[in-house]
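Before any comments, here is the structure.
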Amino acid sequence: MPSVFNNRSAASLKVAVFCLFAGALLSGRALALDKKASRALSHYIMANFYDDLGQVDKAIREYQRALSADSDNSLIHLKLASSYIKNNELDKAAAQLLLAVKFNPEAVEPHAILALLYSAQNKPDLASREYEAALKNASKLAPKNIDIYKTLGAVYLQQGKIKEARDTYRLILSLSPSDAEAHFYLAVIYDELKDRGRAEGYLKKALQLRPDYHEALNYLGYLYVEEGRNLEAAEKMISKALELEPDNGAYVDSLGWLYFKKGRLKESVKTLNKASALLDDPVIYEHLGEVYFQLGDNKNAELNWQRSLKLDPGQDKLKKKLETLSREPGK
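Our numbering applies: residue 512 is where the sequence shown begins, and numbers increase by one.
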């Protein structure tokens, strides 16, 4: 089974916010030294002073006074949001961040912090939207920063925006043709698009650039297993991936499914049971059910297929298998 994504999360919301603010003053528009802006600036300076002292309530009051004099200043809204976060007033912080975005649509920090807030509030769709906006803006500021594009590509994949992900990884390769990771993710994308010829080509290139790339080794090996070809080469690749990641349930599943394709059913069921102990995944249970079915063990076949459907109810083909199984004699 292919294994592609790893979850990445901020260790601390406050630490992330402080890091994002390191360059905030550079991204805010300058406070013009007229009478109105001078009043805003004096309150802004006092707010920063209280912030540094850890007197958050006083800082909030001063930021609010600064905004009463200069209400469309993105930087002040951003700093007020930071103070609200320190006070754990997340809804108020989000409102200020949205205003910061309104008055400076090209900024990076408000979108990035909103993404962190939405993640903390278990709003993944909103968080994903804000990460995308932050990364798009960041890419305009640093158009040759490959790491920004890689993160943006991963966000697109998680959102199911396949075309945007493809274009992003193609852009990475135009900037860095020997980037093995970009080749790998393009393979993932073309596999999703049912273009396995191109997927195979990108996987081979990734492995040419990085022979110990275990994700690519497993992915290409599993692709061959699924198509029932190059099984000897597939076994070598999957085995090498397992040498590098011996407790990876997805890789163990790949090996178990390979044994099934080779007709080694007893080895297959043993290996797939090991995979299921390492990873609770619908593909593994679907594979286990198929092996048990071929062994004539309909009880365990049904049990594992039901487990698979519980984790992923949208498997129409598997539902039909279970219906067929229920109509067999003895049921």
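Think of the CB as a built atom: it goes at the ideal place given N, C-alpha and C, for glycine as much as any other residue. Just so we're clear, the structure is a prediction, and the values are computed from it rather than from any experiment.
- Counting only runs of at least 4 residues, the segment 649-736 fully encloses the following alpha helix (DSSP H) elements, listed from N- to C-terminal order: 657-670, 673-686, 691-703, 707-720.
- By the neighbour-count criterion, in which 16 or more other beta carbons inside 10 Å mark a residue as buried, GLY760 falls on the buried side.
- Rounded to whole angstroms, ASP658 and ALA676 show a C-alpha spacing of 14 Å.
- Assignment of ALA618 by DSSP, reduced to helix, strand and coil, places it in the coil class.
- No residue range can be given for ASN741, since it is assigned to no alpha helix (DSSP H) and is classified by DSSP as neither H nor E.
- Of TYR733, HIS588, TYR770, GLN826, the smallest CA-CA separation from ALA752 is found for TYR733.
- Between the C-alpha atoms of LEU627 and TYR595 there is a straight-line separation of about 14 Å.
- Pairing LEU789 with LEU799 gives a Cβ-Cβ distance that is not under 9 Å.
- When the five nearest sequence neighbours on each side are left out, no beta carbon in the same chain lies closer than 6 Å to the beta carbon of GLY708.
- Non-local C-beta neighbours of SER689 in its own chain, meaning closer than 7 Å and more than five positions away in sequence, comprise LEU720, ordered along the chain.
- Within its own chain, the residues whose Cβ lies closer than 8 Å to the Cβ of LEU822, once the five positions on either side in sequence are excluded, are ASP791, ASP792, PRO793, TYR796, listed in chain order.
- Per DSSP, the unbroken alpha helix (DSSP H) holding GLN575 starts and ends at 567-580.
- Boundaries of the alpha helix (DSSP H) around GLU801: 793-805.
- Residue environment analysis places ILE556 among the exposed positions, since fewer than 16 neighbouring C-beta atoms fall within 10 angstroms of its C-beta.
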